[in-house]
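Number of protein chains: 2
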Amino acid sequence: MSLVVVGSVALDTIETPSGKVCDALGGSAIYASLAASYFAPTKVVGVVGEDFPQPGIELLQRHGICLDGLETKQGKTFRWSGKYQNLNQADTLSTELNVFADFSPQLPPSCRSCESLLLANIHPALQLQVLNQIESYRWVACDTMNYWIDLCPELLTEVIRRVDIVFINEDEIRQYTKSHNIFSGARKLIGLGARAVVIKQGEYGSVAVFDNDLFFAPAYPVEQVKDPTGAGDAFAGGFMSYLATQSDLSKLAMRKAVRLGTVMAALNVGDFSVEGLTDLDTNKIDTMIKELQEWS
Amino acid sequence: MSLVVVGSVALDTIETPSGKVCDALGGSAIYASLAASYFAPTKVVGVVGEDFPQPGIELLQRHGICLDGLETKQGKTFRWSGKYQNLNQADTLSTELNVFADFSPQLPPSCRSCESLLLANIHPALQLQVLNQIESYRWVACDTMNYWIDLCPELLTEVIRRVDIVFINEDEIRQYTKSHNIFSGARKLIGLGARAVVIKQGEYGSVAVFDNDLFFAPAYPVEQVKDPTGAGDAFAGGFMSYLATQSDLSKLAMRKAVRLGTVMAALNVGDFSVEGLTDLDTNKIDTMIKELQEWS
Chain X
36 MSLVVVGSVA
46 LDTIETPSGK
56 VCDALGGSAI
66 YASLAASYFA
76 PTKVVGVVGE
86 DFPQPGIELL
96 QRHGICLDGL
106 ETKQGKTFRW
116 SGKYQNLNQA
126 DTLSTELNVF
136 ADFSPQLPPS
146 CRSCESLLLA
156 NIHPALQLQV
166 LNQIESYRWV
176 ACDTMNYWID
186 LCPELLTEVI
196 RRVDIVFINE
206 DEIRQYTKSH
216 NIFSGARKLI
226 GLGARAVVIK
236 QGEYGSVAVF
246 DNDLFFAPAY
256 PVEQVKDPTG
266 AGDAFAGGFM
276 SYLATQSDLS
286 KLAMRKAVRL
296 GTVMAALNVG
306 DFSVEGLTDL
316 DTNKIDTMIK
326 ELQEWS
Chain Z
36 MSLVVVGSVA
46 LDTIETPSGK
56 VCDALGGSAI
66 YASLAASYFA
76 PTKVVGVVGE
86 DFPQPGIELL
96 QRHGICLDGL
106 ETKQGKTFRW
116 SGKYQNLNQA
126 DTLSTELNVF
136 ADFSPQLPPS
146 CRSCESLLLA
156 NIHPALQLQV
166 LNQIESYRWV
176 ACDTMNYWID
186 LCPELLTEVI
196 RRVDIVFINE
206 DEIRQYTKSH
216 NIFSGARKLI
226 GLGARAVVIK
236 QGEYGSVAVF
246 DNDLFFAPAY
256 PVEQVKDPTG
266 AGDAFAGGFM
276 SYLATQSDLS
286 KLAMRKAVRL
296 GTVMAALNVG
306 DFSVEGLTDL
316 DTNKIDTMIK
326 ELQEWS
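Protein chains in written order, with our numbering: chain X, 36 to 331; chain Z, 36 to 331.
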């Protein structure tokens, strides 16, 4: 009942109205894996440089995350630096790809056949490369971003054709499908082959479109958003870790997966870097999921 | 089990990306009353000029709306003209107050004691004038807008102190309470004396804050928004008409009221002026309410 996450591993320097952190643990694979680690055995596939801090490795190990697929290469770890003027959109100050520039994901044997695979936000060509290595998976999902929709929409289309679930935000689905109405947009993605589309709407929550059905989930209210980085990754990680335990994409499974993703995203944005996702009390998570259900 | 709506009655000229209408039926009291008329006997209090079209009167009568409180004064009916560049915000092109300039709402005896009173969006001084005339009401609600929050926040505070329910949109609650977090803002309004605050979030739906509880409702998906004018009024009218039939502001009543308001708002924006609210099949409304519940 395990989940494999393939994505970026980064050291982030982030400034928000609430403060600043330097070279803090980040990257789509890290946010997603940590969020997932509470609900299903999680394996991460990514690349780091020789400078990747040992406490970061220990944190992942403490969360039981399997690091067979985490390659260490000569050179420095991928670095991203961004500043949030408001909490909706980061301005990228710098990107140093470093060892991530030549990332060529190789699934170790232990990652070729599991229940859930999350292709977190990386180049669609790399997502395809992973899809070509998998043997048997029950659920495969992809996330993406505006940058790839601009740069290589055809490759992204190839990915969407081959996955079960697409995570995408409302601006991105409009950009990719050229449909102003997000529901029409979702139907186009389903027409390509996806079984479910989960549209993220930031502070307003998300809506899942699947099997001629809809499920709306509000965002879990957060007193103070300190750092929105990784919210979508935490959502997708939480979501896919729940699906790893399910044999059907039932209405009920979809609802629970969305709520679980929603709560992990809320916990994530309440603190900087991955602080909001580490060493959590699972009772607290359960209570939040119940509250969310109660409120909608 | 009846509802009284006090507000503006207008002839609107509206242009949106979907088309244009001239001197069409509008105003907060009209949108709210028509939406309410499907669920509770509804009485409208407002003023029109001698030029108010007879088909408009007949439409209200056909919906069983009591017009005892609709005064006809010498002069022309209030006119508003607006253009929507996008569907979130209208640019006002012209406002001719006409007979509305001297509107001084007088409740006829039949409107002084009912179940529900909606003080739709008009000057808070007029809302207070109505509050000074009522004798016995179970539920009193007010709506408002950014213009009054700018112009006379103290008068609005007086209104909020004296009502049970406040309808307000997310920008307005931030503006009025100076709190970025809408939930903290709602708690401030509750601190002033309101029992429930319903925060409208446009295409994202709404959230009701009451009795240390929350209820999130998504917007009902609309294929094509033709004219967003009156969406908030239709919401409030639908909401308050349901409360007119309820003796308690229970969790269940609040949920049903919000869903009913949500569906009436969706029906309203699907066509120009009040076209989306007229001569509706109540089975269709019931189905939409059930769908909304099913999807969240």
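Glycine included, every Cβ here is placed at the ideal spot set by N, Cα and C.
For tryptophan 115 (chain X), decide whether its Cβ has a neighbour in chain Z, counting only Cβ atoms nearer than 7 Å.
-> Numbered from 1 along the first sequence, position 80 holds the residue referred to as residue 115 (chain X). By this cut-off, tryptophan 115 (chain X) is not an interface position.
Going along the chain, which unbroken runs of the beta strand (DSSP E) with 3 or more residues stay wholly within the stretch 48-112 of chain Z?
-> 54-61, 77-84, 101-108
The beta strand (DSSP E) with alanine 155 (chain X) in it runs from where to where?
-> Here residue 155 (chain X) is taken as the residue at index 120 of the first sequence, counted from 1. Looking at the DSSP string, alanine 155 (chain X) is not in any beta strand (DSSP E), and its letter there is neither H nor E.
Residues within the stretch 212-234 of chain X neighbouring chain Z, beta-carbon criterion of under 9 Å = Asn216, Ile217, Phe218, Ser219
Where tyrosine 239 (chain Z) meets chain X, residues with beta-carbon distance less than 7 Å | For the purposes of this step, residue 239 (chain Z) is identified with residue 204 of the second sequence, where counting begins at 1. Going along chain X in sequence order, the residues near tyrosine 239 (chain Z) (Cβ under 7 Å) are Gln236, Tyr239.
Determine the DSSP secondary structure at alanine 300 (chain X), reduced to helix, strand or coil.
-> Within the first sequence, numbered from 1, the residue matching residue 300 (chain X) stands at position 265. It is helical.
Which chain Z residues are close to glutamate 258 (chain X), counting only those with a beta carbon under 9 Å from its beta carbon?
-> Along the first sequence, one-based indexing puts residue 258 (chain X) at 223. Chain Z residues near glutamate 258 (chain X): Asn216, Phe218, Ser219.
Between the C-alpha atoms of lysine 213 (chain Z) and alanine 252 (chain X), what's the straight-line distance to the nearest angstrom?
-> The count along the second sequence starts at 1 and reaches residue 213 (chain Z) at position 178. The count along the first sequence starts at 1 and reaches residue 252 (chain X) at position 217. Those two C-alpha atoms are separated by around 27 Å.
Please look up how many angstroms separate the CB atoms of glycine 296 (chain Z) and glycine 273 (chain Z), rounded, as I've assumed it's under 8 Å.
-> For this step, residue 296 (chain Z) is matched to residue 261 along the second sequence. For this step, residue 273 (chain Z) is matched to residue 238 along the second sequence. By a beta-carbon distance limit of 8 Å, glycine 296 (chain Z) contacts glycine 273 (chain Z). Their separation comes to about 4 Å.
What residue from X:Tyr255, X:Met299, X:Pro90 has the CA that sits closest to tyrosine 73 (chain X)'s CA?
-> Taking the first residue of the first sequence as 1, we reach residue 73 (chain X) at position 38. Ranking X:Tyr255, X:Met299, X:Pro90 by Cα distance to tyrosine 73 (chain X) puts X:Met299 first.
Using DSSP bridges, identify the partner residues of glutamate 131 (chain Z).
-> As a working mapping, residue 131 (chain Z) is identified with position 96 in the second sequence. Answer is Z:Arg114, bridged to glutamate 131 (chain Z).
Between the beta-carbon of valine 40 (chain X) and the beta-carbon of serine 68 (chain X), is there less than 7 Å?
-> Stepping through the first sequence from its first residue, residue 40 (chain X) is reached at position 5. Stepping through the first sequence from its first residue, residue 68 (chain X) is reached at position 33. For valine 40 (chain X) and serine 68 (chain X), yes; Cβs fall inside 7 Å.
For valine 309 (chain X) versus valine 257 (chain X), is the C-beta spacing smaller than 7 Å?
-> In the first sequence, counting from the first residue as 1, residue 309 (chain X) sits at position 274. In the first sequence, counting from the first residue as 1, residue 257 (chain X) sits at position 222. Going by C-beta atoms, valine 309 (chain X) is not nearer than 7 Å to valine 257 (chain X).
Taking the DSSP output, what are the residues bridged to isoleucine 46 (chain Z)?
-> Your numbering for residue 46 (chain Z) matches position 11 in the second sequence. Reading off the sequence shown, one finds leucine at residue 46 (chain Z), where the question assumed isoleucine. Paired residue(s): Z:Leu60, Z:Arg114.
Could you tell me which residues DSSP pairs with tyrosine 172 (chain Z) in its beta bridges?
-> Within the second sequence, the letter at position 137 stands for residue 172 (chain Z). Z:Cys149.
Sheet register partners of lysine 235 (chain Z) (DSSP bridge) = For this step, residue 235 (chain Z) is matched to residue 200 along the second sequence. According to DSSP, lysine 235 (chain Z) bridges with Z:Asn204, Z:Ser241.
According to DSSP, what are the bridge partners of alanine 221 (chain X)?
-> Along the first sequence, read from residue 1 onward, the residue named residue 221 (chain X) stands at position 186. According to DSSP, alanine 221 (chain X) bridges with nothing at all.
Three-state class that DSSP yields for valine 39 (chain Z) in the structure shown = Translated into positions along the second sequence, residue 39 (chain Z) becomes position 4. Reduced to three states, the DSSP call for valine 39 (chain Z) is strand.
Residues bridged to alanine 252 (chain X) by DSSP?
-> Taking the first residue of the first sequence as 1, we reach residue 252 (chain X) at position 217. Paired residue(s): X:Ser241.
Buried or exposed: proline 144 (chain Z), going by 16 or more other Cβ atoms within 10 Å of its Cβ?
-> Locating residue 144 (chain Z) in the second sequence gives position 109, where the first residue counts as 1. When all chains shown are included, proline 144 (chain Z) counts as exposed.
Proximity test, Cβ basis, 7 Å: serine 37 (chain X) and chain Z | Taking the first residue of the first sequence as 1, we reach residue 37 (chain X) at position 2. Not one chain Z Cβ lies under 7 Å of serine 37 (chain X).
Identify the contact partners of tryptophan 330 (chain X) in chain Z, using a Cβ-Cβ distance below 9 Å as the criterion.
-> For this step, residue 330 (chain X) is matched to residue 295 along the first sequence. Going along chain Z in sequence order, the residues near tryptophan 330 (chain X) (Cβ under 9 Å) are Val242, Asp248, Leu249, Phe250, Phe251.
Residue range of the unbroken alpha helix (DSSP H) whose run includes methionine 337 (chain X) | Lying before the first or after the last residue shown, residue 337 (chain X) is absent from chain X, which here runs from 36 to 331.
Give me the Cα-Cα distance between alanine 155 (chain X) and alanine 266 (chain X), rounded to the nearest whole angstrom.
-> To locate residue 155 (chain X), count along the first sequence from 1; it is residue 120. To locate residue 266 (chain X), count along the first sequence from 1; it is residue 231. Roughly 12 Å between the two C-alpha positions.
Per DSSP, tyrosine 119 (chain X) is paired with what?
-> The count along the first sequence starts at 1 and reaches residue 119 (chain X) at position 84. Answer is X:Ala125.
Are there 16 or more other CB atoms within 10 angstroms of the CB of arginine 196 (chain Z), so buried, or fewer, so exposed?
-> On the second sequence, position 161 is the one that residue 196 (chain Z) refers to. Exposed, since its Cβ has fewer than 16 Cβ neighbours within 10 Å.
Buried versus exposed call for arginine 97 (chain X) [16 or more other C-beta atoms within 10 Å across all chains shown] = Position 62 of the first sequence, counting from 1, holds the residue named residue 97 (chain X). Looking at its Cβ environment, which holds fewer than 16 other Cβ atoms inside 10 Å, arginine 97 (chain X) is exposed.
Give the single residue among Z:Asp185, Z:Leu132, Z:Tyr66 whose Cα lies nearest to the Cα of proline 263 (chain Z).
-> Position 228 of the second sequence, counted from the start, is the residue given in the question as residue 263 (chain Z). When each option's Cα is compared against that of proline 263 (chain Z), the closest is Z:Tyr66.
Could you give the C-beta distance for glutamate 193 (chain Z) and tryptophan 174 (chain Z), rounded to a whole number, given that I count them as a contact under 8 Å?
-> Taking the first residue of the second sequence as position 1, residue 193 (chain Z) is located at position 158. Taking the first residue of the second sequence as position 1, residue 174 (chain Z) is located at position 139. With a Cβ gap of about 19 Å, glutamate 193 (chain Z) and tryptophan 174 (chain Z) do not count as contacting.
Who are the near neighbours of serine 171 (chain Z) in its chain, counting only those whose CB is closer than 7 Å to its CB and skipping five residues on each side?
-> Counted from its first residue, the second sequence places residue 171 (chain Z) at position 136. These residues qualify, in order along the chain: Ser148.
Got a sec, what are the start and stop residues for the alpha helix (DSSP H) methionine 323 (chain Z) sits in?
-> Along the second sequence, one-based indexing puts residue 323 (chain Z) at 288. Start and end: 317-329.
Identify the continuous alpha helix (DSSP H) that holds leucine 284 (chain Z) and give its terminal residues.
-> To locate residue 284 (chain Z), count along the second sequence from 1; it is residue 249. From DSSP, leucine 284 (chain Z) is part of no alpha helix (DSSP H); its letter is neither H nor E.
Relative to the C-alpha of phenylalanine 270 (chain Z), which residue among Z:Glu93, Z:Asp248, Z:Ala125, Z:Ala301 is closest?
-> Numbered from its first residue, the second sequence carries residue 270 (chain Z) at position 235. Of Z:Glu93, Z:Asp248, Z:Ala125, Z:Ala301, the residue nearest in Cα terms is Z:Ala301.
If you drop the 5 nearest sequence neighbours on each side, which residues of the same chain put their C-beta closer than 7 Å to that of proline 140 (chain X)?
-> The residue given as residue 140 (chain X) occupies position 105 in the first sequence. Spatial neighbours of proline 140 (chain X) in its own chain (CB-CB distance under 7 Å, excluding positions within 5 residues in sequence) are listed in chain order as Val41, Val80, Leu161, Gln164, Val165.
Please determine, among X:Lys55, X:Gly220, X:Lys235, X:Ala70, the residue with the shortest C-alpha to C-alpha distance to aspartate 316 (chain X).
-> Taking the first residue of the first sequence as 1, we reach residue 316 (chain X) at position 281. Among X:Lys55, X:Gly220, X:Lys235, X:Ala70, the Cα nearest to that of aspartate 316 (chain X) belongs to X:Ala70.
Which residues DSSP lists as bridging cysteine 11 (chain Z), in chain order = Given a span of 36 to 331 for chain Z in the structure shown, any question on residue 11 (chain Z) remains unanswerable.
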